[in-house]
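Some notes on the structure that comes next.
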Amino acid sequence: MAIGGAGAALGPTTASAAPPTAALVHHVFFWLKNPGAAADRAQLIAGLETLRAIPVIRTLLIGTPAPTENRDVVDASYDVSELMYFDNAADQKTYQDHEIHQAFVKNCSHLWQRVVVYDMQTV
Numbered sequence: 004m005a006i007g008g009a010g011a012a013l014g015p016t017t018a019s020a021a022p023p024t025a026a027l028v029h030h031v032f033f034w035l036k037n038p039g040a041a042a043d044r045a046q047l048i049a050g051l052e053t054l055r056a057i058p059v060i061r062t063l064l065i066g067t068p069a070p071t072e073n074r075d076v077v078d079a080s081y082d083v084s085e086l087m088y089f090d091n092a093a094d095q096k097t098y099q100d101h102e103i104h105q106a107f108v109k110n111c112s113h114l115w116q117r118v119v120v121y122d123m124q125t126v
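For the sequence shown, my numbering gives the first residue as 4, with consecutive numbering after it.
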């Protein structure tokens with residue numbers, strides 16, 4: 004009996020597993036106008052999900068603060084975050100200008116009071 008294919012891909016990963024490669028990482032943190040409002044959080048997450056249709060995004064992760072150890076260096080004050088991988092800065096610019104991203108901002112910006120963006124070029 005042969006084992007492999009998709010089954011092998013479902014196994015656990017370790018810290019030594021290679022991360023997705025990307026030249027540019029775009030990490031955005033959102034603070035809701037109504038912190039703790041489940042409906043607002045769900046609406047923002049649904050809006051972020053629409054961004055998956057933008058072809059230049061290599062990877063899109065959406066999440067909320069993890070229930071990790073409370074430490075002075077950890078900022079878990081945000082409500083929702085998204086992390087995107089792009090091949091290059093030109094693709095990130097294409098994303099910024101894309102009609103789906105513009106619609107997301109138009110339709111969801113009323114939900115947040117603060118946004119912080121960290122763009123990183125990999126080395």
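By construction, the Cβ of each residue, glycine as well, lies at the ideal position given by its N, Cα and C atoms.
Determine, using beta carbons only, whether Val77 comes closer than 8 Å to chain C. Judged by its chain identifiers, the structure shown contains no chain C, having just a single protein chain.
Coil, strand or helix - Tyr121 by DSSP: strand
Give me, in chain order, the residues of the same chain whose beta-carbon lies closer than 8 Å to that of Leu35; leave out the 5 immediate sequence neighbours on both sides. Asp43, Arg44, Leu47, Asp82, Val83, Leu114, Trp115 and Gln116
CA nearest to the CA of Asn37, picked from Val126, Val77, Leu64 and Ser112: Ser112
Cα separation between Ala92 and Ala26? 8 Å
Rounded to a whole number of angstroms, what is the C-alpha to C-alpha distance between Glu72 and Ala79? 10 Å
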